[in-house]
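A short worksheet on the structure shown next.
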Amino acid sequence: AQSVAQPEDQVNVAEGNPLTVKCTYSVSGNPYLFWYVQYPNRGLQFLLKYITGDNLVKGSYGFEAEFNKSQTSFHLKKPSALVSDSALYFCAVRDVNSGNTPLVFGKGTRLSVIA
Amino acid sequence: GAVVSQHPSWVICKSGTSVKIECRSLDFQATTMFWYRQFPKQSLMLMATSNEGSKATYEQGVEKDKFLINHASLTLSTLTVTSAHPEDSSFYICSASNGGQEKLFFGSGTQLSVL
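One line per chain: the protein sequences are A and B, in this order. My numbering numbers the first residue of the first sequence as 2 and each following residue consecutively. My numbering numbers the first residue of the second sequence as 491 and each following residue consecutively.
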C-alpha cells in the first residue's frame, strides 16, 4: 500500500528565511513523488515532481525538493520565503510499478510566511 | 501548461436537489479523470476514477448512486451529486490526465453548500 505523511499541520516562517515542509512516504516499489500547492478556494497547482534521475528537483516559484531514498523523504524547500508563499502544500506519491493507480496525498501542511 | 476548467466554482442548493459539476480539459484529451473531495483542513480524498467511454471506478465508501460520474468524451467529465444533503457540502476537485499520473492537471474546484 502507498502512504504519505506530512508530520506538520502548520509551518510558520519569517519572510526571507529558508523554509522546509516535510514529507515522508511509503511504497512497495520505487516512488513517483509530487508537491502541489493550494491557495484558498482554489484547486491544486503543480510545483514539482521526482520521477527518476537527480535527487534534487527544482520546481516552480523557486521551490525545490530532495529525494532521499534511505530516509524515504521528499522535503520541500525554498531558500528565501515570501509572504505570497503562504498556502496549503500537499505531498503525493505513487508506486512506479502500480500501473495507473491514483496518487495518494498527504493531509497537507499550511505554510504561513510572516512579514 | 495544460488547462482544466471546472464549473461552477460555487454552488448553493437546497437539500434534496441535484447538482452537476463539470470538468473540462481545454487543450488536451483526457483519457482519465479523477474526482476528489476535500473537507476543511483535510487532504484530498479520491472519490472515483473515470475513463472515457467506460463506467467510473469508485473508491470504497463512495456511493455510486449518490455521486454519478459521466465521462462521455475525451474533454468532459461530470459529477452529479444527487439528492444533495448538508453533509454533502464540501470542496470538490477534478483532475485530468492525458497519459498517466505524471501528467495530472487539476481544476480550480467547486465549493458546494447544501442548505
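Beta carbons are placed, not taken as given, at the ideal position from N, Cα and C, and that holds for glycine.
Per-residue burial, residue i [other beta carbons within 10 Å of its own, 16 or more giving buried]
| i | result |
| --- | --- |
| B:H561 | buried |
| A:V84 | exposed |
| A:I1 | Residue 1 of chain A falls outside the range modelled here, since chain A spans only 2 to 116, and no answer is possible. |
| B:D578 | buried |
| B:F529 | exposed |
| B:W500 | exposed |
| A:Y26 | buried |
Inter-residue Cα distance where the pair is residue i and residue j
| i | j | result |
| --- | --- | --- |
| B:G599 | B:T568 | 13 Å |
| B:V604 | A:N42 | 17 Å |
| A:V28 | B:Y526 | 21 Å |
| A:S113 | A:V58 | 23 Å |
| A:V5 | B:I502 | 33 Å |
| A:N69 | A:V22 | 14 Å |
| A:G44 | B:I559 | 19 Å |
| A:G30 | B:G506 | 45 Å |
| A:F64 | A:K79 | 5 Å |
| A:F47 | B:Q532 | 18 Å |
| B:V515 | A:Y37 | Just to set this straight, residue 515 of chain B is Ser in the shown sequence, not Val. Spanning the two alpha carbons is a distance of roughly 19 Å. |
| B:C513 | B:L566 | 6 Å |
| A:P32 | A:T110 | 21 Å |
As assigned by DSSP and simplified to three states, the class of residue i
| i | result |
| --- | --- |
| B:S579 | coil |
| A:S61 | helix |
| A:D96 | strand |
| A:V14 | strand |
| A:V84 | helix |
| A:E9 | coil |
| A:L104 | coil |
| B:S587 | strand |
Start and end residues, beta strand (DSSP E) containing residue i
| i | result |
| --- | --- |
| A:A116 | From DSSP, A:A116 is part of no beta strand (DSSP E); its letter is neither H nor E. |
| A:A6 | 4-6 |
| A:Y40 | A:Y40 -> no beta strand (DSSP E), and no H or E assigned at all. |
| B:F518 | First-last for B:F518: undefined, no H or E at that position. |
| B:I502 | 500-503 |
| B:A538 | 534-541 |
| B:V571 | 566-571 |
| B:N560 | 557-563 |
Assess, as a yes-or-no matter, whether the region 493-504 of chain B is touched by the region 47-61 of chain A under the definition of 3 or more beta carbon pairs within less than 8 Å. no
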